[in-house]
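If you read the sequence shown in the numbering used here, its first letter stands for residue 74, the second for the next number, and so on.
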Amino acid sequence: MIKAISYLGLGTMGSGMASNLLEAGYELTVWNRSAEKCEPFRRNGAHVADTPADAVRDVDLVMYSLSDDQAVEEVVFGSKGILSGIKEGQIAMDMSTVLPATSLQEQEAYAKRGVDFLDAPVFGSRQESANAKLWIMAAGNKAIFEKVKPVLEHLGQTVHYFGKNGNAAAMKLVGNLIVALEMEALAEGLVLAQKAGLDLNTVMEVVKVADFRSPLLLSNGQNILKRDFSPSFALKLMLKDASLIEKFSETMESPIPALRVVEKNLASAVGLGFGNENASALIKALEKEAGIEVKALNR
74 MIKAISYLGL GTMGSGMASN LLEAGYELTV WNRSAEKCEP FRRNGAHVAD TPADAVRDVD
134 LVMYSLSDDQ AVEEVVFGSK GILSGIKEGQ IAMDMSTVLP ATSLQEQEAY AKRGVDFLDA
194 PVFGSRQESA NAKLWIMAAG NKAIFEKVKP VLEHLGQTVH YFGKNGNAAA MKLVGNLIVA
254 LEMEALAEGL VLAQKAGLDL NTVMEVVKVA DFRSPLLLSN GQNILKRDFS PSFALKLMLK
314 DASLIEKFSE TMESPIPALR VVEKNLASAV GLGFGNENAS ALIKALEKEA GIEVKALNR
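Put into C-alpha cells, the structure is as follows:
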C-alpha cells in the first residue's frame, strides 16, 4: 500500500495535484526548482527537499510534472536528479507532456535500478488540477498501474490504462493535437463572425447547443468575448506541445497538415508577446491580421 509520496514540479498542474495528495492524507515530500513554491506545502505539513535526489528517498511513489523534455532530462538524469537517489522497489511516474521516446528512455533507466515506471500524463488545466477533476492516462506494467490507481483517483475524475510504456505519452499528444485544432477553429470562427457583424453573444449561444459544441469551445469562447486571457494553459506551452506533436508525427509518418497552420499562428501570437497568456490568445494573431478585436457587445 502506498503511503509516502514525493511530488516534483509545483507549476500550474503539479501544485494542484500535490495539494490533493496532501488533502488525501498521504505523507508528502515536495521539490520545485523555484523553492518558494514549496513553502505553502511546508506550512501544510509536507516535507521539502533540497534536490530531486533528496526528494525521492524513503518514499513509495515518486511523481513529477515538468515543463518539457529538457526539464525531465535535468530532473531525472541530472547529477542530483531522481536517478541518483531512487532505489529498487520504488515506483516512478512521469505526468509531464513529453515525447513517447522520452518516456521509453526513462523506463529503461529506471529498470536498470529495479524501479517500476509509468508514463501518466493528464488532460485538464489549472482548475481541473485544483479540483481533482483531471482526466488521467497511464501506461506501463499493469500490476503497477493497479497499485497506483487509488492514488490517481484522488487526482482525477477518470483514469485510463493504455498498455505498454510510451502509449500514454502518445495519447497525450493525440489529445493535444485535437485541442490545438479546436482552439484554431474557435479563433477563426469568432474572427469571421466579428467581421460579418454577428452578435457574438448569440454566436456563443449556438456554440453552446449545436452538435459541434464542446466544453473547451464554450469556456474559451466566453472568456475571449470578455477579453479574459488569464492563463490556465499558457499559449507558449501549446506552441511547445505543437512542436512535440510535429516530431512525433514525423516518427510515425503520419500527416498533420492542419496542425502546421495552427503552429504558424501560435508562433505568431507568441512573437507578438502573448506567450504567457492563455492558449486562447492564439486569436490575437488572427485579430491583428483581420484588423479587428473580438469582443461581445453589452446587452
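By construction, the Cβ of each residue, glycine as well, lies at the ideal position given by its N, Cα and C atoms.
Please say whether Tyr80 and Ala91 have beta carbons closer to each other than 7 Å? Cβ distance < 7 Å, so Ala91 and Tyr80 count as in contact.
Which of the three DSSP states, helix, strand or coil, is assigned to Leu172? Coil, per DSSP.
Closest by C-alpha distance to Asn105, when choosing among Arg130, Gly87 and Arg116: Taking the Cα of Asn105 as reference, the smallest distance to any Cα among Arg130, Gly87 and Arg116 is reached at Gly87.
Among Val335, Gly248 and Lys76, which residue has its Cα nearest to the Cα of Ile209? Of the listed residues, the one whose Cα sits closest to Ile209 is Gly248.
Whole angstroms is fine: what's the gap from Gln295's alpha carbon to Ala108's? If you take the alpha carbons of Gln295 and Ala108, they lie about 35 Å apart.
Of the residues Ser157, Met136 and Ile78, which one's Cα is nearest the Cα of His120? Looking at Ser157, Met136 and Ile78, the one whose alpha-carbon comes closest to that of His120 is Ile78.
Can you tell which of Gly236, Leu312 and Ala174 has the C-alpha that lies nearest to the C-alpha of Glu323? Answer by Cα proximity: Ala174.
Quick one: give me the first and last residue of the beta strand (DSSP E) that Leu191 is part of. Segment Asp189 to Asp192, the beta strand (DSSP E) holding Leu191.
Alpha carbon to alpha carbon, what distance is there between Leu191 and Glu179? Computed Cα separation, rounded: 9 Å.
With H, G and I counted as helix, E and B as strand and the rest as coil, what does DSSP make of Gly270? Of the three classes helix, strand and coil, the one that applies to Gly270 here is coil, per DSSP.
Expressed to the nearest angstrom, what Euclidean distance is found between the alpha-carbon atoms of Met168 and Ala212? A direct Cα-Cα distance of roughly 11 Å separates Met168 from Ala212.
Val103 to Phe218 span [Cα, whole Å]: The alpha-carbon atoms of Val103 and Phe218 are separated by roughly 22 Å.
Where Leu132 sits in the DSSP three-state scheme: With the sequence shown as reference, residue 132 is identified as Val, and Leu is not the correct amino acid for it. Val132 falls in the coil class under three-state DSSP.
List the endpoints of the continuous beta strand (DSSP E) containing Leu359. Element bounds for Leu359: not the beta strand (DSSP E) but the alpha helix (DSSP H), Ile356 to Ala363.
So what's Gln230 in DSSP terms, helix, strand or just coil? Of the three classes helix, strand and coil, the one that applies to Gln230 here is strand, per DSSP.
Identify, in the order they occur along the chain, each residue of the same chain with its Cβ nearer than 8 Å to the Cβ of Glu255, setting aside the five sequence neighbours on each side. Residues Ser287, Leu289 and Leu290 of the same chain have their beta carbon placed closer than 8 Å to that of Glu255, with the five preceding and five following residues left out of the count.
Can you tell me whether Ala184 is buried or exposed? The criterion is at least 16 other CB atoms within 10 Å of its CB, across all chains shown. Within a 10 Å sphere around the beta-carbon of Ala184 sit fewer than 16 other beta-carbons, which makes this residue exposed.
Residue closest to Leu355, alpha-carbon to alpha-carbon, out of Pro304, Ser327, Leu172 and Lys320: Minimum Cα distance to Leu355 is reached at Pro304.
Would you check if the distance between the CB atom of Gly229 and the CB atom of Leu139 is smaller than 7 Å? With respect to Leu139, Gly229 sits apart: the two C-beta atoms are not nearer than 7 Å.
Decide if Glu96 is buried, meaning its Cβ has at least 16 other Cβ atoms within 10 Å, or exposed. Exposed, by the Cβ-count rule.
Determine, using beta-carbon pairs with one atom in the segment 269-284 and one in the segment 308-326, whether at least three such pairs fall under 8 Å. Using a Cβ-Cβ distance cut-off of 8 Å, the segment 269-284 and the segment 308-326 are not in contact, since fewer than three pairs of beta carbons, one from each stretch, lie closer than that value.
Would you kindly work out how many angstroms separate the C-alpha atoms of Ser316 and Leu94, rounded to a whole number? Roughly 31 Å between the two C-alpha positions.
Exposed or buried, Glu181, counting other C-beta atoms within 10 Å across all chains shown (16 or more means buried)? Counting other Cβ atoms within 10 Å of its Cβ, Glu181 stays below 16 and is therefore classed as exposed.
How about Phe302 and Glu350: do their beta carbons lie closer than 7 Å? At a Cβ-Cβ threshold of 7 Å, Phe302 and Glu350 count as neighbours.
Interface flag, Ala266 vs chain D, CB-CB below 7 Å: The structure shown contains no chain D; it holds only a single protein chain.
Please state whether DSSP places Asp314 in a helix, a strand or coil. Three-state result, Asp314: helix.
Identify whether Glu366 lies in helix, strand or coil by the three-state DSSP scheme. Correct three-state label for Glu366: coil.
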